[in-house]
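Trainee: Just so you know, we're using the working numbering here: the sequence shown kicks off at 4 and counts up by one.
No residue lacks a Cβ here, since even glycine has one placed at the ideal position from N, Cα and C.
Provided herewith is a single structure, encoded as structure tokens, for subsequent inquiry.
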Amino acid sequence: MPVWKFRIIGEDMKEYQKKYQEQSIMQMSQGELLVLTFDEAIKSLKLAEFALEDKKYDKFEEAMKKCNMIIRYLRQTLDMEQPISRDLLRLYDFVTFDLGLVLAGRDRRKDELPKLVAILTDLRDGFYGASQKVMDTHMPKEVKVVG
């Protein structure tokens with residue numbers, strides 16, 4: 004089989020994977036999407052940490068900016084009618100402030116990254132637990148058909 008056919012098959016496979024991912028995301032609940040958003044923020048912080056260790060400052064800045072954008076998005080989507088939103092707003096503001104300090108201080112502030120990962124992981128786990136409870140209460144009950 005010629006090499007070009009492998010390349011076409013590989014590109015087709017990537018396109019199918021992309022469509023599958025898009026469909027999976029479209030079928031997620033709001034809770035699952037929120038958890039996925041936190042996963043992306045955590046992943047960005049971990050990538051920033053690795054990039055900083057390797058002295059790849061451009062990758063570090065890119066990952067930090069991505070995390071900052073995600074936190075800003077989470078902050079903007081808060082429903083301030085809910086009592087917990089004020090506490091979340093303060094946490095998001097703290098994380099945003101600390102991200103700025105780490106970005107400016109780089110190596111001097113690298114010890115802050117694991118702390119930020121821990122904060123976001125705790126939030127993620129909390130939202131995951133809450134979404135599981137909501138799903139449990141909204142799951143259809145098993146019905147036996149008699150007759």
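Relative to the alpha-carbon of residue 114, which residue among 37, 83, 78, 52 has its alpha-carbon at the smallest distance?
Mentor: Mapped onto the sequence shown, residue 114 falls at position 111. Considering only alpha carbons, the answer is 52.
Trainee: Between which two residues does the alpha helix (DSSP H) holding residue 67 run?
Mentor: For the purposes of this step, residue 67 is identified with residue 64 of the sequence shown, where counting begins at 1. It spans 60-79 - the alpha helix (DSSP H) in which residue 67 sits, taken as one unbroken run.
Trainee: Which value, in whole angstroms, describes the spacing of the CA atoms of residue 124 and residue 85?
Mentor: Along the sequence shown, read from residue 1 onward, the residue named residue 124 stands at position 121. Along the sequence shown, read from residue 1 onward, the residue named residue 85 stands at position 82. So the alpha carbons of these two residues sit roughly 22 angstroms apart.
Trainee: What residue range is occupied by the uninterrupted alpha helix (DSSP H) comprising residue 114?
Mentor: The residue labelled residue 114 in the question sits at position 111 within the sequence shown. Residue 114 -> no alpha helix (DSSP H), and no H or E assigned at all.
Trainee: If you measure between the beta carbons of residue 120 and residue 49, is that distance less than 8 angstroms?
Mentor: As a first step, residue 120 is located in the sequence shown; it is residue number 117 there, counting from the start. As a first step, residue 49 is located in the sequence shown; it is residue number 46 there, counting from the start. Yes, Cβ-Cβ distance for residue 120 and residue 49 is below 8 angstroms.
Trainee: Would you say residue 88 and residue 66 are within 8 angstroms of each other, going by their C-beta atoms?
Mentor: One-based indexing of the sequence shown puts residue 88 at position 85. One-based indexing of the sequence shown puts residue 66 at position 63. For residue 88 and residue 66, no; Cβs fall outside 8 angstroms.
Trainee: Pull up the distance between the alpha-carbon of residue 142 and that of residue 34, whole angstroms please.
Mentor: To locate residue 142, count along the sequence shown from 1; it is residue 139. To locate residue 34, count along the sequence shown from 1; it is residue 31. The predicted position of residue 142 is uncertain, since its pLDDT is 48 and thus under 50; a value taken from the coordinates is nonetheless stated next. Each residue's alpha carbon lies about 14 angstroms from the other.
Trainee: Quick one: using the 10 Å Cβ neighbour count with 16 as the cut-off for buried, is residue 41 buried or exposed?
Mentor: The residue given as residue 41 occupies position 38 in the sequence shown. So residue 41 ends up on the buried side.
Trainee: Measuring alpha carbon to alpha carbon, tell me which residue in 82, 78, 131 is nearest residue 93.
Mentor: Position 90 of the sequence shown holds residue 93. Minimum Cα distance to residue 93 is reached at 78.
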